[in-house]
Structure formats: structure tokens, C-alpha cells
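The structure appears right after this line, and notes come after that.
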Amino acid sequence: QHASKLTYKYRLAGSDDKWSFSSGRSVIYNALLPGDYTFEVYVIDADGKLRPGRISYSFSILPPFWKTWWFISLVCLLVAWLIYTLVARRIRKIRQQAQIQNDLNSFRDKALRSQMNPHFIYNSMNAIQNYIKKHETDASIDYLALFSRLMRTIFNNSGERAIPLEKDLEAVALYVEMENMRFSNRFRLHISYDDQVIPALIMVPPFLVQPFVENSILHGFRSKNEGGNIWIHIEKETERIKLSIRDDGVGREKTLETAKRKQAYLANEDRSSSGIKVTLKRISQVWGRKFSEDLFRITDLYTPDKHPAGTLIEFYLPLINYD
């Protein structure tokens, strides 16, 4: 029979089990989902009779790769790895911050102990007793008042992570004033700033400057009968501040025998410099990295004819919020 008189009964198993009829010789299925399908066709002749036999064709539509089990598994593994990495990094950062905080607390406590070392307290008590023995009542009262102010300042500052630079320098000034009373005003302290520096607004770790000033007095002027000067200068650089502490003492070579003094200074072989070692560690902790020469420098000063003329200490702190 002529093909135009034929009718076709068909369906696509796996998509729609309902049978359809058409006299056309083609059928189009759009947007089939991934899966297995079987196209089935029966022929109906012009008399409306269903011819025996079925024509079928099976085929499969594969899903896109991003919907395959292996790709989904890979993505899940990748996400799990990223989550694990981020969590592990966060935990490591928290532990590092906790360790840094513990170290800072430890260094602050050590700094407090170094500033209140037994020798300093013993010498202060002796100075007060000497004034009393000499019946210098006013001097003993003045010295005791300075000592009380310094102790109160130390206790107040020791409980803080950071204090204004102004407060730290006030403690230094009290310390120098007490030493001047003991040594007949042999020392002169000079403090200066750049125009951009506002000491009340710059935060620094407590007890930062005092160990260096103490070292100048103990080592730089111990064998210098006429006393001397200590200059403290603060200047602001890009994202950091620079502190310079200079004295016109006898110099390190005369104090502790040439270059060995420099090694002792940094390695803490000299017990009187223990406060400085603690301070160097605290400077490293503030920067969050190991100590290096770009954070701290010590320079021996000489006159034009090569005679020792004192010591210059320079170190840097970041301009950050310590709160």
C-alpha cells in the first residue's frame, strides 16, 4: 500500500508511555533528559488494521560531565579539602595569635621584673637611707616620692598590652630623675620628636625605652666622672616609627672590650643587659617575625680623631593599633 495511507502508532519508552498516532514519517523529541530510551513503532494500514511486528530502537543520552558521579565526587572532595584547609589555617592562626599573646605577656612580665630588679630597689632604698643618715629630710622625701611614682607607673603600665609613648617616656624621665638624685645630677635627658609625631597618640609596648636608657647610665657613664647626655628622638616613617637613643658615654669598647661587647649586647652574655634582650624579643613579637638587623641597630660613635664618643641605638615599630 502507498505510504501516505499508512498510520503509525508510536511511543518513546522511558519518556512517556502513552501511545501516539501520526501519519507523518518523522517525530521530533526536544530536550530529552539523560537516561535510557526505546522508541517503538507499529504500522496501521489503510483499513485500520494493526500490522504484526514492532519496530524498536534503543538509545541512551549521557548526562553532561558536570552531572556525572565522578565529577560530583571530585567537587565534593575539593570542597571538603578547601574547608579543611581553611579551618586548619584558621586554627593555626588562632594558635599563633595565642602564642604571640602569651609571649607578649611573658616578655611584659620579664620587663616588669627587669625594671624592678633587686639592684635598682636596693640602690633606691640605700639612697633614701643615706639621705636620712645625713639628715637631708627634704631630699629623702623627694626621692621617696619619685620612687613611689615610678613604682605606681610601672604597675599601672604592666597591665596593658600597649600604652601611649608619652607614658613610657614619662617613666623614663622618672627613672633618670631618680638616678640624677643619686649621682648629683650627672645625667641630662633630651627628648625630641618630628612634627608628625604625637606621643600621646602613638601606642607602644610598655617599658620599651627604659632598658636602653638604663644601659647608657650603667655602662656609658659609670667611668665618666663628668656625667653625660642621653638623647631620645622619635620620627615617623611610612607605616612605622623610628626611635633613636644616643648617649655621649665612654662607648662599648672601653666598657666591655671591643667587639665582644656587641655580641654580648645581643646575646645577653652581659647580665645587666637582660632587659634589652627582652625588649628585642618584644620588638620582634610586635612585628610578628624573627629578630633581624633591619629592626634594630647599634652603632659605636667616635670623634673625628677616632676616640669613642658614645653609642647610638635605633629601632623601629609598626604603626598599628594594639587594642
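Numbers in this note's numbering are just positions in the sequence shown, counted from 1, shifted up by 1.
Positions of the beta carbon are idealized from the N, C-alpha and C atoms, including for glycine.
These figures come from a predicted structure and were not determined experimentally.
So residue i and residue j are in contact, right, with Cβ under 8 angstroms, and what is the actual spacing, rounded?
{"i": "I242", "j": "L320", "result": "6 angstroms"}
{"i": "S245", "j": "L313", "result": "7 angstroms"}
{"i": "G36", "j": "I62", "result": "6 angstroms"}
{"i": "F222", "j": "G250", "result": "5 angstroms"}
{"i": "G229", "j": "F184", "result": "So it is not a contact: roughly 11 angstroms between Cβ atoms."}
{"i": "Y38", "j": "A14", "result": "7 angstroms"}
{"i": "D195", "j": "K135", "result": "Actually they do not touch by this definition, with Cβ atoms about 44 angstroms apart."}
{"i": "I155", "j": "L145", "result": "16 angstroms between Cβ atoms; not a contact."}
{"i": "M179", "j": "L147", "result": "5 angstroms"}
CB-CB under 6 angstroms to residue i, same chain, minus the five flanking residues each way: which ones, in chain order?
{"i": "H234", "result": "S193 and S245"}
{"i": "T300", "result": "L313"}
{"i": "I164", "result": "N158 and P207"}
{"i": "S315", "result": "It is worth fixing the name first, because residue 315 is Glu in this sequence and not Ser. Counting only Cβ-Cβ distances below 6 angstroms, and skipping sequence neighbours, we find S245 and R298."}
{"i": "R272", "result": "Because R272 carries a pLDDT of 44, less than 50, the predicted location of this residue cannot be relied on, and the following value inherits that uncertainty. Nothing listed; no residue qualifies."}
{"i": "V198", "result": "I235 and K237"}
{"i": "T280", "result": "P212"}
{"i": "S24", "result": "T8"}
{"i": "F40", "result": "L13 and Y58"}
{"i": "K261", "result": "A caution first: K261 carries a pLDDT of 49, below 50, which makes its placement in the model too unreliable to give a value."}
{"i": "R247", "result": "W232 and L313"}
Excluding five sequence neighbours on each side, which residues of the same chain lie with their C-beta closer than 7 angstroms to the C-beta of residue i?
{"i": "P18", "result": "Checking the displayed sequence, the identity of residue 18 turns out to be Asp instead of Pro. Cβ neighbours of D18 beyond the five flanking positions: R12."}
{"i": "W288", "result": "L296 and P319"}
{"i": "V88", "result": "none"}
{"i": "K225", "result": "G250 and V251"}
{"i": "K1", "result": "As displayed, the chain neither begins before 2 nor continues past 324, which places residue 1 out of reach and without an answer."}
{"i": "A268", "result": "For A268, the pLDDT reaches just 48, beneath the cut-off of 50, and the residue's location in the model is therefore unreliable, although a value from the coordinates is still provided. Cβ neighbours of A268 beyond the five flanking positions: none."}
{"i": "A32", "result": "none"}
{"i": "V173", "result": "V210, Q211 and V214"}
{"i": "F60", "result": "Y38"}
{"i": "A201", "result": "P165 and E167"}
Can you give me the start and stop residues for the alpha helix (DSSP H) that residue i sits inside?
{"i": "Y176", "result": "L166 to R183"}
{"i": "A146", "result": "T138 to S159"}
{"i": "E41", "result": "Element bounds for E41: not the alpha helix (DSSP H) but the beta strand (DSSP E), G36 to I45."}
{"i": "F213", "result": "Q211 to N216"}
To which residues does DSSP link residue i through a beta bridge?
{"i": "D248", "result": "I231 and T312"}
{"i": "L13", "result": "D17 and F40"}
{"i": "T304", "result": "BP columns for T304 are empty, so no partner."}
{"i": "K278", "result": "Looking at the DSSP assignment, K278 forms no beta bridge with any residue, so it has no partner."}
{"i": "F297", "result": "F316"}
{"i": "L51", "result": "I45"}
{"i": "E240", "result": "Per DSSP, none; premise fails for E240."}
{"i": "F22", "result": "K10"}
{"i": "V205", "result": "I164"}
Skipping 5 residues on each side, what residues in its chain have a beta carbon closer than 8 angstroms to that of residue i?
{"i": "C77", "result": "none"}
{"i": "W20", "result": "K10, Y11 and R12"}
{"i": "G52", "result": "For clarity, residue 52 is Arg in the given sequence; the question names Gly instead. Hits under 8 angstroms: Y43, V44, I45 and D46."}
{"i": "T138", "result": "Y132"}
{"i": "R150", "result": "L175"}
{"i": "E258", "result": "In this predicted model, E258 has a pLDDT of only 49, less than 50, meaning its place in the structure is not dependable; the value taken from the coordinates is given anyway. Cβ neighbours of E258 beyond the five flanking positions: none."}
{"i": "K307", "result": "none"}
{"i": "A310", "result": "D249, G252, L302, Y303 and T304"}
{"i": "M182", "result": "A128, A140, D143, Y144 and L147"}
On the DSSP letters alone, give me the boundaries of the beta strand (DSSP E) that residue i sits inside.
{"i": "F60", "result": "I56 to I62"}
{"i": "L7", "result": "Looking at the DSSP string, L7 is not in any beta strand (DSSP E), and its letter there is neither H nor E."}
{"i": "H191", "result": "F188 to Y194"}
Self-check item: Given 8 angstroms, three or more beta-carbon pairs between the stretch 41 to 56 and the stretch 66 to 82
Solution: no
Quiz item: Does the stretch 165 to 177 come close enough to the stretch 203 to 220 that 3 or more CB-CB pairs lie under 8 angstroms?
Solution: yes
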